[in-house]
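If you're matching them up, the sequences are chains A and B in order. Mapped onto the UniProt record's numbering, the consecutive letters of the first sequence carry residue numbers 1 to 293. Mapped onto the UniProt record's numbering, the consecutive letters of the second sequence carry residue numbers 1 to 293. Read the structure below first, then the notes.
Number of protein chains: 2
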Amino acid sequence: MNSLKNGWWSERCELWPGVCLSLEVDEVLHESKSQYQDILVLKTKNHGRALILDGIIQCTEADEFTYQEMIAFLPLCCHKSPKKVLVIGGGDGGVAREVAKHPYVESITQVEIDAEVLEVSKKYLPFMGKGLSHPKLTLHVADGFDFMAQHQEEFDVIITDSSDPVGPAVSLFQKEYFEMMRSALKPGGIVCSQSGTFYANIEQVTQTLNHCRSVFASAALAYVTVPTYPTGQIAFVLGSCDPEIKFDIPSISFTDDELEQMQLRYYSSDIHRAAFVLPRFAKKILSNESSTL
Amino acid sequence: MNSLKNGWWSERCELWPGVCLSLEVDEVLHESKSQYQDILVLKTKNHGRALILDGIIQCTEADEFTYQEMIAFLPLCCHKSPKKVLVIGGGDGGVAREVAKHPYVESITQVEIDAEVLEVSKKYLPFMGKGLSHPKLTLHVADGFDFMAQHQEEFDVIITDSSDPVGPAVSLFQKEYFEMMRSALKPGGIVCSQSGTFYANIEQVTQTLNHCRSVFASAALAYVTVPTYPTGQIAFVLGSCDPEIKFDIPSISFTDDELEQMQLRYYSSDIHRAAFVLPRFAKKILSNESSTL
Chain A
1 MNSLKNGWWS
11 ERCELWPGVC
21 LSLEVDEVLH
31 ESKSQYQDIL
41 VLKTKNHGRA
51 LILDGIIQCT
61 EADEFTYQEM
71 IAFLPLCCHK
81 SPKKVLVIGG
91 GDGGVAREVA
101 KHPYVESITQ
111 VEIDAEVLEV
121 SKKYLPFMGK
131 GLSHPKLTLH
141 VADGFDFMAQ
151 HQEEFDVIIT
161 DSSDPVGPAV
171 SLFQKEYFEM
181 MRSALKPGGI
191 VCSQSGTFYA
201 NIEQVTQTLN
211 HCRSVFASAA
221 LAYVTVPTYP
231 TGQIAFVLGS
241 CDPEIKFDIP
251 SISFTDDELE
261 QMQLRYYSSD
271 IHRAAFVLPR
281 FAKKILSNES
291 STL
Chain B
1 MNSLKNGWWS
11 ERCELWPGVC
21 LSLEVDEVLH
31 ESKSQYQDIL
41 VLKTKNHGRA
51 LILDGIIQCT
61 EADEFTYQEM
71 IAFLPLCCHK
81 SPKKVLVIGG
91 GDGGVAREVA
101 KHPYVESITQ
111 VEIDAEVLEV
121 SKKYLPFMGK
131 GLSHPKLTLH
141 VADGFDFMAQ
151 HQEEFDVIIT
161 DSSDPVGPAV
171 SLFQKEYFEM
181 MRSALKPGGI
191 VCSQSGTFYA
201 NIEQVTQTLN
211 HCRSVFASAA
221 LAYVTVPTYP
231 TGQIAFVLGS
241 CDPEIKFDIP
251 SISFTDDELE
261 QMQLRYYSSD
271 IHRAAFVLPR
281 FAKKILSNES
291 STL
């Protein structure tokens, strides 16, 4: 489906039909087939290094910061005291890198199913892979479902950094997965999962949000702009058992100096609030709780 | 540079190197070379009809509403009483279509340099071209500079819907252009110009914003997500002679019923406020008034 031709790598996928993003490539740094997926690392001409799994861009060096900062800091800053964090997926290490920056975080447990992604990232994508060596982090190569079944009421925040809902990641977008997360959360905990794009896949976003709503007392959708992702943005579903929570009001506001020290390039308290403001068409569809789309 | 090959049309441009968006094409509806530019209209497989000028996507039926609504309603809703509006460019008719929706607007004067774009849009892109037949609109085929030189202190809002700063539109991004707009504005007037993307071209965005700052007492940057634009979003520079203006606080808030009646799919007062909240890296560079980037 996807290909490297005449020095350009092109991404096509049934999830966003009729449109295709291509990146100009200097060099193929790595290509392999793990037990779970095809792994490709490119040195691109203008977007630094890029990680591609099963033919889909996961991140480029040029813009991965927007996604990683937001999937980490949105839920962390919705929580008053995010001490114990669980990351499901996130094999490139970028989410761990960001979570580790939050001053209240004491421990990060990460569960990635594909050991080969971890190795490839450490070797070829050190700007993200360095997150995997952080002293706050304990890394498990395992299935997220199995892991959570053995860890009840243990985490303040659970972040799911998965690939898109085609192939192995499909189960991470279903109701059972949200139920597993709820049981692994401490009271007052927060979950945050990537949930695709409301431009190309509003039915899927609605479905994921409705799963979250059916399991948690409160749920909300936020989004971040990511130039190399399909439609240029991606959404996050957030859930909490606290019916009173206001996701769009950060419970901790960092000063500009603190943000600078944490090397945050996208996130700020203002961006936190703005990320929950959806275009009217999306709000209209998604606010319909009984939507069966 | 850009091409239709194997049923896909591809956009490459020196302004966003190393990346290329392609659209799957059902049919080429129109292709011509006007006095000013190459004009191409495609029927795409999944994005409706698309207008392409000099090889650059101007709008697709699927997502043009986001851009047109925001370039129109941001400045209109910054003004307390936007009665007389000038649109420079906007030959496809989409901006006129949106401006005409605002209940306070009494007259729209539009100045488009390329008569052929107007004809092509009326014929092949009626969803936008219908804006060109609105009873509030007076259309001039002329150069925007020349027109403004003869119209002093006449408009409440001036919207510049231009193509990108390569070729004929370069002059619309320069200081002299902002000076022309200031002299054509009534006291308390507002200008709004498209100004590219801060992901791929922050130097150009900074330069345009600094021109605006040097001419107007107040200036600000906002942005909108547009999936088929380079990097998935585009910024607007807004300027006003009022040093006290708060661009991010709409002076008029429409009810949801009113927004619905106006068929606004992107704009709302909440989106208005959020559009001015920039990612930290962009805010940092752009807030430096003395930036000489």
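A virtual CB, placed ideally from N, CA and C, is assigned to each residue, including glycine. Just so you know, these numbers come straight off a predicted model, no measurement behind them.
Q: Establish whether the CB of residue 41 of chain A and some CB of chain B are separated by less than 8 Å.
A: no
**Q.** Where the alpha helix (DSSP H) through residue 119 of chain B begins and ends
**A.** Per DSSP, the unbroken alpha helix (DSSP H) holding residue 119 of chain B starts and ends at 115-124.
Q. So, do the stretch 31-50 of chain B and the stretch 92-103 of chain B have three or more beta carbon pairs nearer to each other than 8 Å?
A. no
Q.
If I measure Cβ to Cβ from residue 115 of chain B and keep anything under 7 Å in the same chain, skipping five residues before and after, which residues do I get?
A. 141
Q. Beta-carbon of residue 9 of chain A versus every beta-carbon of chain B: anything under 8 Å?
A. no
Q: Below 6 Å CB to CB, which residues in the same chain sit around residue 8 of chain B once its five sequence neighbours on both sides are set aside?
A: 22 and 24
(Q) Helix, strand or coil, according to DSSP, for residue 246 of chain A in the structure here? (A) coil
Q. Short check: CB of residue 199 of chain A to CB of residue 70 of chain A, under 8 Å?
A. Going by beta carbons, residue 199 of chain A and residue 70 of chain A fall outside the 8 Å limit.
**Q.** Span separating the alpha-carbon of residue 219 of chain A from that of residue 192 of chain A
**A.** 10 Å
Q. Residues of chain A with a CB under 7 Å from the CB of residue 225 of chain B: which are they?
A. 225, 232 and 233
Q | Entirely enclosed beta strand (DSSP E) segments - the stretch 86-166 of chain A, minimum 3 residues | A | 107-112, 137-141 and 155-161, all fully within the stretch 86-166 of chain A.
Q: Report yes if the C-beta distance between residue 118 of chain A and residue 184 of chain A is below 8 Å; otherwise report no.
A: no
Q) Is it buried or exposed for residue 260 of chain B, if we count other Cβ within 10 angstroms and need 16 for buried? A) exposed
Q | Sheet register partners of residue 221 of chain B (DSSP bridge) | A | DSSP output for residue 221 of chain B lists B:237 as bridge partner(s).
Q: Select from A:107, A:249 and A:258 the residue whose C-alpha is nearest the C-alpha of residue 275 of chain A.
A: Here the closest residue by C-alpha is A:249.
Q. What residues of chain B sit near residue 46 of chain A, judged by a beta carbon separation below 8 Å?
A. 17, 18 and 19
(Q) Counting only Cβ pairs nearer than 7 Å, list the residues of chain A close to residue 157 of chain B. (A) Per Cβ cutoff of 7 Å: no residues; residue 157 of chain B is ~21 Å from chain A at best.
Q. Closest Cβ-Cβ distance between residue 199 of chain A and chain B: below 8 Å?
A. yes
Q) What are the partner residues of residue 213 of chain B, as DSSP defines its beta bridges? A) Per DSSP, none; premise fails for residue 213 of chain B.
Q. Along the chain, where does the beta strand (DSSP E) that runs through residue 58 of chain B open and close?
A. Per DSSP, the unbroken beta strand (DSSP E) holding residue 58 of chain B starts and ends at 56-60.
Q. Beta carbon of residue 186 of chain B, beta carbon of residue 155 of chain B: below 8 Å?
A. Taking 8 Å as the Cβ cut-off, residue 186 of chain B and residue 155 of chain B qualify as a contacting pair.
(Q) Run through chain B and tell me which residues come within less than 8 Å of residue 24 of chain A, C-beta to C-beta. (A) Contact annotation for residue 24 of chain A against chain B: 17, 18, 19 and 20 [CB-CB distance below 8 Å, chain order].
Q | Strand pairing of residue 19 of chain B, partner residues [DSSP] | A | A:23
Q: Report buried or exposed for residue 138 of chain A, applying the criterion of at least 16 other Cβ atoms within 10 angstroms of its Cβ.
A: exposed
**Q.** Where the beta strand (DSSP E) through residue 3 of chain B begins and ends
**A.** 3-5
Q: Might you give, ordered along the chain, the residues of its own chain that have their beta carbon closer than 7 Å to the beta carbon of residue 77 of chain B, omitting 5 neighbours on each side?
A: 250, 251, 252 and 272
Q | Those residues which DSSP pairs with residue 193 of chain A across a bridge | A | A:160 and A:237
Q | Proximity test, Cβ basis, 8 Å: residue 271 of chain B and chain A | A | yes
Q. Shortest alpha-carbon distance to residue 164 of chain A belongs to which of A:149, A:66, A:152 and A:195?
A. A:195
Q.
Taking the alpha-carbon of residue 148 of chain B as reference, which of B:126, B:172 and B:281 has the nearest alpha-carbon?
A. B:172
Q. DSSP three-state call for residue 170 of chain A: helix, strand or coil?
A. helix
Q: Round the Cβ separation of residue 51 of chain A and residue 92 of chain A to the nearest angstrom and send it over; I've been treating them as touching at under 8 Å.
A: 6 Å
(Q) Within 10 Å of its beta-carbon, does residue 133 of chain A have 16 or more other beta-carbons around it, so buried, or fewer, so exposed? (A) By the neighbour-count rule (16 or more Cβ atoms within 10 Å), residue 133 of chain A is not buried but exposed.
**Q.** Cβ shell of residue 18 of chain B (< 8 Å), same chain only, five flanking positions each side left out
**A.** none
(Q) Against chain A, with Cβ distances strictly below 8 Å, would residue 274 of chain B count as a contact? (A) yes
(Q) Between residue 206 of chain A and chain B, is the shortest Cβ-Cβ distance under 8 Å, so that the two count as touching? (A) no
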